[in-house]
């Protein structure tokens with residue numbers, strides 16, 4: 001069994017240099033939604049990988065470029081890291097206590113946009129590689145990096161890129177872009193992601209808004225059409241009313257339920273953090289709440305817009321109305337199925353006038369919690385975090401993991417530097433330095449235990 | 001029978017002076033919604049009335065001041081003119097072909113914000129008075145003016161002002177702020193206005209928006225709550241579902257139906273002008289459409305707002321949602337009744353969480369189409385317009401006429417300078433000079449025939 005003292009010492013002693021490298025990366029406002037700093041971000045990531053002896057390629061995707069890098073190692077196994085160099089917009093700027101594009105250290109935390117999501121995860125992995133190269137002079141296995149630049153806008157071009165580069169990207173295991181501890185400081189293994197099908201529903205009933213006194217009794221109203229159409233999608237019982245919607249839904253396995261039952265209670269934390277006073281379907285908490293949270297398909301109205309929305313009153317009959325709706329998909333549901341059934345349902349209910357625009361998405365993706373690589377990663381965490389890693393078999397969010405699973409056919413694990421207070425996507429995003437070191441220590445162990 | 005040749009000649013010969021006076025009034029941006037130019041507008045109206053020998057008072061209301069004026073006449077009958085000096089905002093400015101606050105003459109039309117609604121109506125009445133004073137040296141009856149400054153924001157303070165000043169405002173008959181010809185150039189007598197009860201419905205389900213991947217399956221969603229609540233208000237059959245909502249609705253009388261049946265067809269014009277391809281409840285046109293248009297209570301969604309409304313997708317579960325809703329009221333419905341029944345209905349349907357904010361309104365108001373004053377005004381139009389005036393017993397819009405009817409107990413007629421292309425509330429608002437003279441000629445006849 002490997003003794004990690006030298007590696008851990010390296011990480012402690014060279015922390016400042018790695019933080020300086022991370023800070024330089026955070027200085028680039030690589031915001032995909034605003035199309036800024038993307039080429040610059042990709043170039044710097046490429047330089048950082050090349051400095052570790054990786055062969056680097058900056059590859060076009062149709063959107064932001066992908067940084068691809070590989071370095072041979074001692075064994076012929078291959079581990080693929082997935083990260084992204086794009087970040088969320090920094091706005092609203094006035095809510096930041098220090099400038100979002102100047103990484104600032106306060107109370108053991110580094111503050112900057114993207115410092116946690118996902119630049120800190122990326123540099124902590126490079127930091128771990130530094131420690132291994134310093135001690136061993138070589139990597140324990142082949143290592144590849146796929147660092148994309150569109151994660152924050154839905155990885156628009158990534159599935160196609162992966163499908164077109166399966167040989168280049170071929171690997172045995174994958175470490176996902178995020179990971180970290182929960183509110184108890186317990187390391188968490190998040191294994192699956194729900195899919196998503198995001199649509200905009202819109203309707204137009206006239207060529208212009210009309211005075212409501214003139215048209216209220218006789219003209220079709222786009223806002224009413226939208227309300228009635230939406231009402232047919234989901235009832236107050238939270239059951240999605242689209243015929244056949246649940247046909248392919250895979251329920252959680254006994255193993256899923258067992259793993260979820262071992263997770264800490266979330267009900268009180270949610271109520272406090274988000275100011276909700278109850279949960280849907282009468283669920284009050286416990287395992288039931290957490291199964292419902294991730295194993296049920298959703299139909300969420302993300303936005304509604306129609307007519308006059310300013311202060312006071314305006315007596316207008318709106319000609320247009322639209323809604324943004326996301327369907328979170330559980331295993332075995334497909335985008336195509338959702339879109340087809342949605343269109344058929346609206347037509348059958350008399351809403352041929354409601355247009356459906358697909359805004360992006362992909363299916364759910366899962367890794368078997370009993371995959372040996374999962375167990376290896378879980379075991380490797382114990383020494384670092386001083387407590388066992390817990391397996392969360394599925395999270396409610398979405399990401400491009402399904403494309404990795406489909407085209408590269410490998411288990412995907414999470415391991416990283418995050419914590420619940422990191423403020424990803426929010427002002428004052430930050431990363432704890434203690435968790436940065438731990439994250440790198442964990443990556444060292446994963447590489448060494450897996451590669452050798 | 002009076003011969004009007006001298007009066008009519010005066011109006012033709014002095015048109016330039018009256019247009020100059022109107023242009024000066026249009027130069028004041030008296031926009032109630034933007035709280036600009038209101039005191040200045042009231043002052044100029046007061047000066048214009050004083051110049052005709054009226055006793056003028058500028059009276060506070062809690063909002064924009066009311067200009068009140070009176071001048072004694074030959075008989076002891078009293079005629080009250082209702083007008084307003086406030087106008088709609090001029091925005092969007094880029095759509096104007098000439099500056100909105102500089103009255104500009106093109107092709108026999110004067111263009112300016114408020115030139116038709118309602119400053120042109122007001123000065124055409126002063127112009128008519130000039131003609132009578134020039135010829136007769138006195139007015140045929142007592143004349144009062146009530147010129148308010150909040151008509152375009154719902155006459156917020158007017159009903160209270162009228163209730164508090166019934167003695168001062170006492171009159172036998174009233175000429176309303178608007179009037180004119182339809183698309184056939186036929187003079188129209190619009191007699192009644194629907195009431196309105198404007199509310200904002202809102203709901204808040206959490207203290208902050210939540211990532212839809214986290215909360216979609218377990219957190220209440222404000223947008224869904226709003227959709228479901230709205231859906232209980234009105235169904236696709238257009239029937240308002242609030243219990244007892246139709247209890248006090250007065251149907252049109254046989255006389256109403258007879259008058260409406262004599263009106264020209266509107267179906268094709270509406271389809272062309274507004275780009276609608278059908279009318280509600282399967283109605284295709286004719287008398288049925290026009291009765292439905294004004295004698296049915298409405299529940300119109302004027303606006304919807306919730307969550308993310310920008311381009312692309314954002315996976316957010318909205319904490320707040322709101323809708324602007326106007327209920328047009330037909331005779332015998334009251335504001336209090338609507339608000340009480342709406343609250344009771346939402347509560348009974350399980351929507352105690354939906355807040356109702358009353359944004360303003362008032363009941364419907366009607367004048368008997370067979371009132372002798374209506375007949376006098378109709379007859380007086382024939383000579384001016386070369387064709388008989390048609391009586392439209394009710395229009396779909398709303399205004400403060402109910403307060404006049406309730407507190408002053410007098411018949412209210414319309415007479416004025418408008419036409420369908422006037423663009424009231426729109427860019428390039430305009431007034432036809434030929435109709436300005438005709439409107440003044442009509443007012444001369446109304447005053448003379450009524451007063452003597």
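Protein chains in written order, with my numbering: chain A, 1 to 452; chain B, 1 to 452. Cβ atoms here follow ideal geometry from the backbone N, Cα and C, with glycine treated the same way. All values reported here derive from a predicted model rather than from experimental measurement.
- Below the 8 Å Cβ cutoff, chain B contributes 300, 301 as neighbours of residue 221/A, in chain order.
- Under the 8 Å criterion on CB atoms, residue 367/B is classed as non-interfacial with respect to chain A.
- Relative to the Cα of residue 193/A, the nearest Cα in the group 403/A, 439/A, 74/A, 63/A belongs to 403/A.
- Taking residue 361/B as reference, the option from 234/B, 327/B, 9/B, 232/B with the minimal CA-CA separation is 327/B.
- Listed along chain B, no residue sits closer than 8 Å to residue 354/A by beta-carbon distance, the nearest being about 13 Å off.
- One finds 228 in chain B with Cβ atoms closer than 7 Å to the Cβ of residue 236/A, taken in chain order.
- Taking every protein chain shown into account, the CB of residue 9/A has fewer than 16 other CB atoms within 10 angstroms, so this residue is exposed.
- From the listed residues 372/B, 304/B, 437/B, the smallest Cα separation to residue 223/B is found for 304/B.
- The secondary-structure analysis by DSSP pairs residue 430/A across a beta bridge with 111/A.
- Going by beta carbons, residue 152/A and residue 86/A fall inside the 8 Å limit.
- About 5 Å separates the Cβ atoms of residue 124/A and residue 417/A, confirming a contact at the 8 Å cut-off.
- With respect to residue 176/A, residue 413/A sits close: the two C-beta atoms are nearer than 8 Å.
- Between residue 171/B and residue 61/B, the gap from beta carbon to beta carbon reaches 8 Å or more.
- DSSP places residue 97/B in the coil class of the three-state scheme, outside both helix and strand.
- Among the bridge pairs identified by DSSP, residue 190/A is matched with 392/A.
- Assignment of residue 63/A by DSSP, reduced to helix, strand and coil, places it in the coil class.
- Contact note: residue 280/B reaches chain A through 217, 218, 219, 220, using a C-beta cutoff of 8 Å and chain order.
- Closer than 7 Å at the C-beta level to chain A, one finds these residues of the region 320-338 of chain B: 321, 324, 326, 328.
- Among the residues facing chain A, residue 201/B is not included, as its CB has no counterpart in that chain under 8 Å away.
- Across the set 72/A, 220/A, 117/A, the C-alpha of 220/A shows the shortest separation from the C-alpha of residue 276/B.
- At a C-beta separation below 8 Å, residue 34/A has no neighbours in chain B, since its nearest C-beta there lies roughly 12 Å away.
- With respect to chain B, the C-beta atom of residue 194/A has a partner C-beta closer than 8 Å.
- In terms of CA proximity to residue 127/B, 439/B leads the group 449/B, 237/B, 439/B.
- Taking 8 Å as the CB threshold, residue 296/B lines the interface with chain A.
- Of 353/B, 258/B, 241/B, 51/B, the smallest CA-CA separation from residue 18/B is found for 51/B.
- Scanning 388/A, 383/A, 365/A for the CA closest to the CA of residue 191/A turns up 365/A.
- Under DSSP, the beta-bridge partners assigned to residue 105/B are 110/B.
- With contacts defined by Cβ atoms closer than 8 Å, residue 89/B and residue 31/B form a contacting pair.
- Contact annotation for residue 359/A against chain B: 312, 313 [CB-CB distance below 9 Å, chain order].
- The beta carbon of residue 80/A sits closer than 6 Å to those of 144, 171, 174, all from its chain and outside the five residues before and after it, given in chain order.
- The C-alpha of residue 7/B is placed about 55 Å away from the C-alpha of residue 203/A.
- When DSSP states are grouped into helix, strand and coil, residue 161/B belongs to the helix group.
- When CB distances to chain B are screened at a threshold of 7 Å, not a single residue of the region 410-433 of chain A falls below it.
- Residues of the same chain with a CB within less than 6 Å of the CB of residue 74/B, apart from the 5 flanking positions on each side, are 138, 140 in chain order.
- In terms of Cα proximity to residue 258/A, the closest of 287/A, 45/A, 246/A is 287/A.
- For residue 264/B, the closest alpha carbon among the candidates 162/B, 181/B, 158/B is that of 181/B.
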